[in-house]
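Here the sequence shown is numbered in our numbering, starting from 26 and rising by one per residue.
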Amino acid sequence: MTKTQLDSHFSEVSEEPPSTVQDTGLPLHPEVRGATGIIQDLSTASTMVTVLVGEDSDPEDFPALISGAASSARILGMDELHVIAPARHLPKLAVAAAEIADALPETFQFCEAETRAHEHPEDATVLTAESVLSLGRKLAESQPES
């Protein structure tokens, strides 16, 4: 059997998923760690969405970010939403969250980055601020002006 270029390419690529969140290129937070990949048993799977907000995030974007995070959790059918952010961003994120409090999951909470006050499940769905911000902006554009 002759080996094609496509066969050679795939034989060189590892079929293993990244072993840790750090391998995925997401912002590093000590609260989020562990194996990533396909969940085999949904009965024990986490129902948490974790959004990682970076130090360089623009506070002007926080209303769209929170809206996008809440919508992402709802679309994914997840019951919990945790937003991990640097301490300096927490007050402005809280103001943005207050504006859409009715749309947030009941188990919504902020977590200060770089602390180990609590742990997040290894199989939590981790989203970047950029991904939920994009959704939040699209939702804002589609809303009729009051």
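We treat Cβ as the ideally placed atom computed from N, Cα and C, and that holds for glycine. Keep in mind it's a predicted model, so treat the numbers as computed, not measured.
C-beta contact flag for L77 and T150 at 7 Å: Numbered from 1 along the sequence shown, position 52 holds the residue referred to as residue 77. Numbered from 1 along the sequence shown, position 125 holds the residue referred to as residue 150. No. Outside cutoff.
CB contact flag (V157, S97, <7 Å): One-based indexing of the sequence shown puts residue 157 at position 132. One-based indexing of the sequence shown puts residue 97 at position 72. Contact flag set, yes.
S167 to E85 span [Cα, whole Å]: Numbered from 1 along the sequence shown, position 142 holds the residue referred to as residue 167. Numbered from 1 along the sequence shown, position 60 holds the residue referred to as residue 85. Whole-angstrom Cα-Cα distance: 19 Å.
Closest Cα partner of A165 within the set D127, S92 and G79: Stepping through the sequence shown from its first residue, residue 165 is reached at position 140. Checked all of D127, S92 and G79; the closest Cα to A165 is S92.
Chain-order list of residues whose beta-carbon lies under 6 Å from that of E137 (same chain, five-residue window excluded): As a working mapping, residue 137 is identified with position 112 in the sequence shown. So the list reads A112, once near-sequence residues are dropped.
Same chain, Cβ closer than 7 Å to P88, neighbours up to 5 away in sequence not counted: Taking the first residue of the sequence shown as 1, we reach residue 88 at position 63. Cβ neighbours of P88 beyond the five flanking positions: A121 and E124.
Coil, strand or helix - P42 by DSSP: Translated into positions along the sequence shown, residue 42 becomes position 17. Low confidence applies to P42: its pLDDT is 47, below 50, so where it sits in the model is not reliable, and the reading given next is rough at best. The answer is coil: DSSP assigns P42 none of H, G, I, E or B.
L13 versus D81 - alpha carbon distance: Only positions 26 to 171 of the chain appear in this structure, which leaves residue 13 out of reach.
Burial state of E105 (16 or more Cβ within 10 Å): Taking the first residue of the sequence shown as position 1, residue 105 is located at position 80. E105 should be labelled buried.
Sequence ranges, beta strand (DSSP E) only - wholly within the region 120 to 161, length at least 3: Fully enclosed beta strand (DSSP E) runs of 3 or longer: 132 to 137 and 150 to 153.
For G161, the nearest candidate out of E131, I100 and M73 (CA to CA): Translated into the one-based positions of the sequence shown, residue 161 becomes position 136. Closest in C-alpha terms to G161, from the list E131, I100 and M73, comes I100.
Nearest to R141 (by Cα), restricted to the options E155, G79, P116 and A110: As a working mapping, residue 141 is identified with position 116 in the sequence shown. Of the candidates E155, G79, P116 and A110, the one whose C-alpha sits nearest the C-alpha of R141 is A110.
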